[in-house]
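A short write-up of the structure that comes next.
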Ligand SMILES: CC(C)(COP(=O)(O)OP(=O)(O)OC[C@H]1O[C@@H](n2cnc3c(N)ncnc32)[C@H](O)[C@@H]1OP(=O)(O)O)[C@@H](O)C(=O)NCCC(=O)NCCS
């Protein structure tokens with residue numbers, strides 16, 4: 009499904025059918041910007057960590073640079089089609105690339121948010137800060153009314169991040185996990201526009 013986004017027409021230069029990735033979001037401590045080829049060695053090193061990979065559904069383990077390059081091309085193509093919006097999470101103080109937070113348009117026409125942070129940067133509120141901002145992007149610019157997410161049963165930290173932003177339980181499913189090589193029980197959650205606004209105001 010291809011979306012034609014007024015936001016992108018106004019903010020992005022177009023080159024043929026490709027949308028140039030020139031979007032940026034800012035929070036107190038973070039600059040969220042398009043992933044760059046230069047991030048790929050760091051991305052590979054951070055996402056190779058089993059404790060990161062095992063909590064993501066589509067990340068193989070072990071992980072190699074060539075996989076990051078394939079991912080980069082795929083998500084660039086997804087951005088051009090309006091189905092993938094991935095933000096590299098960088099720290100303002102030193103521009104360190106720490107992880108990724110993105111939105112993906114699923115087959116049912118609903119956007120899903122996903123994220124990961126490299127282990128050296130855990131426990132400092134970066135995932136919450138990034139995911140809250142990217143959720144805001146989905147509500148304000150992509151004009152969604154609801155945003156979906158999921159987290160594996162043994163990933164309480166991510167469940168807590170989502171709950172802090174305002175996500176609510178929305179069922180469960182068994183989801184393929186590439187790194188583990190089998191299906192994993194996955195909690196489904198949903199963020200409604202009004203809940204997001206309430207939680208954000210209270211944060
Ligand atoms: C999950 C993840 C994104 C969290 O990143 P982070 O930057 O450390 O998250 P934050 O610091 O913003 O928030 C984590 C919260 O979970 C809490 N937490 C940490 N471990 C926890 C646990 N085992 N059980 C419950 N809560 C936990 C923290 O205390 C914190 O809450 P607080 O702010 O109320 O104290 C990170 O660990 C990660 O990338 N993991 C691997 C990939 C992944 O899980 N991605 C998400 C897939 S759904």
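Residue numbers (the working numbering): 9 to 211.
Ideal placement from N, C-alpha and C gives every residue a C-beta, glycine not left out.
Please read these numbers as outputs of a predicted model, since none were measured by experiment.
Asked, Found
"Quick one: is residue 193 buried, meaning 16 or more other Cβ sit within 10 Å of its Cβ, or exposed?", "exposed"
"With three or more beta-carbon pairs closer than 8 Å as the criterion, would you say the stretch 162-175 touches the stretch 128-142?", "yes"
"Using the C-alpha atoms, what's the distance from residue 201 back to residue 102?", "33 Å"
"Can we count residue 206 as close to ligand 1, meaning its CB is less than 7 Å from some heavy atom?", "no"
"Rounded to a whole number of angstroms, what is the C-alpha to C-alpha distance between residue 29 and residue 195?", "Note on residue 29: pLDDT 42, under 50, position unreliable in the model; the coordinate value appears next. Looking at the two C-alpha atoms, the distance is approximately 32 Å."
"Hey, residue 121 and residue 164: beta-carbon distance below 8 Å or not?", "no"
"Measure from the alpha carbon of residue 119 to the alpha carbon of each residue in 147, 180, 66, then state which is nearest.", "147"
"Cβ-heavy atom distance between residue 182 and ligand 1 below 7 Å?", "no"
"Would you report the Cα separation of residue 114 and residue 64, rounded to the nearest angstrom?", "16 Å"
"So within the stretch 76-116, which uninterrupted beta strand (DSSP E) runs reach at least 3 residues, ignoring any that extend past its ends?", "92-99, 105-113"
"With H, G and I counted as helix, E and B as strand and the rest as coil, what does DSSP make of residue 55?", "helix"
"Is residue 131 near ligand 1 - that is, is its Cβ less than 7 Å away from at least one heavy atom of it?", "yes"
"Can you tell me whether residue 166 sits near ligand 1, meaning its C-beta is under 7 Å from at least one heavy atom of the ligand?", "yes"
"With contact counted as at least three CB pairs below 8 Å, one residue from each stretch, are the stretch 41-50 and the stretch 86-105 in contact?", "yes"
"Out of 168, 110, 162, 112, state which residue places its alpha-carbon closest to the alpha-carbon of residue 133.", "168"
"Less than 7 Å between the CB of residue 191 and some heavy atom of ligand 1, yes or no?", "no"
"So is residue 83 buried or exposed if we call it buried at 16+ other beta carbons inside 10 Å?", "buried"
"Would you mind giving the Cβ-Cβ distance between residue 199 and residue 135, rounded to the nearest angstrom? I have them listed as a contact below 8 Å.", "Their Cβ separation, rounded to whole angstroms, is 15 Å, which puts residue 199 and residue 135 out of contact at 8 Å."
"Give me the DSSP bridge partner(s) of residue 181.", "194"
"For residue 54 and residue 90, I'd like the C-alpha separation in whole angstroms.", "27 Å"
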